[in-house]
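Since the structure comes first, as structure tokens, the remarks are kept for the end.
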Amino acid sequence: MEEETSQAIAWISFPDLLPTFFVKEALFTLAYAVGNPLQLDMATINKTRPSCARVKVQLDLLVEKPQFVQMEIEDETTNATRSVKVKIQYDYIPSYCRKCKLQGHMEDEHRILHP
17 MEEETSQAIA
27 WISFPDLLPT
37 FFVKEALFTL
47 AYAVGNPLQL
57 DMATINKTRP
67 SCARVKVQLD
77 LLVEKPQFVQ
87 MEIEDETTNA
97 TRSVKVKIQY
107 DYIPSYCRKC
117 KLQGHMEDEH
127 RILHP
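Read the sequence shown against the working numbering and you will find it ends at 131, with the numbers running on by one and no gaps.
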């Protein structure tokens, strides 16, 4: 009862992603590398901010967060594939203390362990 969940909701961004990939299915597939995708922001849906796409995800604070996701792009006319590395930017992600199992601080900031 004194423990908080290690699950949190956060926004992630894919900067410099081509606007042709601003479709829910493509963005959710990329977001699965981080956690469970929940929704797109309105600017992404309306394609009013072509510089980056944003997705709200449910993620586990105990799992390491990837900085990139690999995307394979296939040319339908030639069947040639190329690999593209897509950068992932994280908006605010809460800290999680593995010692007391509470959100809001890291283990190295724990008051009892480090008075």
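Glycine included, each C-beta is placed from N, C-alpha and C at the ideal position.
C-beta atoms of residue i and residue j nearer than 8 Å
{"i": "K103", "j": "P53", "result": "no"}
{"i": "I28", "j": "V71", "result": "yes"}
{"i": "F38", "j": "T60", "result": "yes"}
{"i": "P35", "j": "L77", "result": "no"}
Which of helix, strand or coil DSSP assigns to residue i
{"i": "F38", "result": "coil"}
{"i": "T97", "result": "strand"}
{"i": "H130", "result": "The predicted position of H130 is uncertain, since its pLDDT is 46 and thus under 50; a value taken from the coordinates is nonetheless stated next. Of the three classes helix, strand and coil, the one that applies to H130 here is coil, per DSSP."}
{"i": "T45", "result": "helix"}
Residue range of the unbroken alpha helix (DSSP H) whose run includes residue i
{"i": "M58", "result": "58-62"}
Terminal residues of the beta strand (DSSP E) in which residue i lies
{"i": "R114", "result": "Neither: R114 is in no beta strand (DSSP E) and is coded neither H nor E."}
{"i": "M122", "result": "Taken as a continuous stretch (DSSP letters only), M122 belongs to no beta strand (DSSP E), as it is neither H nor E."}
{"i": "Q133", "result": "Here the chain covers residues 17 to 131 and nothing more, so residue 133 does not appear."}
{"i": "K72", "result": "68-76"}
Closest Cα partner of residue i within the set the options
{"i": "Y108", "options": "F44, K81, T60", "result": "K81"}
{"i": "F44", "options": "Q55, E92, D91, S111", "result": "Q55"}
{"i": "Q86", "options": "R65, C116, V50", "result": "V50"}
{"i": "Q83", "options": "Q74, L46, H121", "result": "L46"}
Residue i - partner residues in DSSP beta bridges
{"i": "I153", "result": "Given a span of 17 to 131 for the chain in the structure shown, any question on residue 153 remains unanswerable."}
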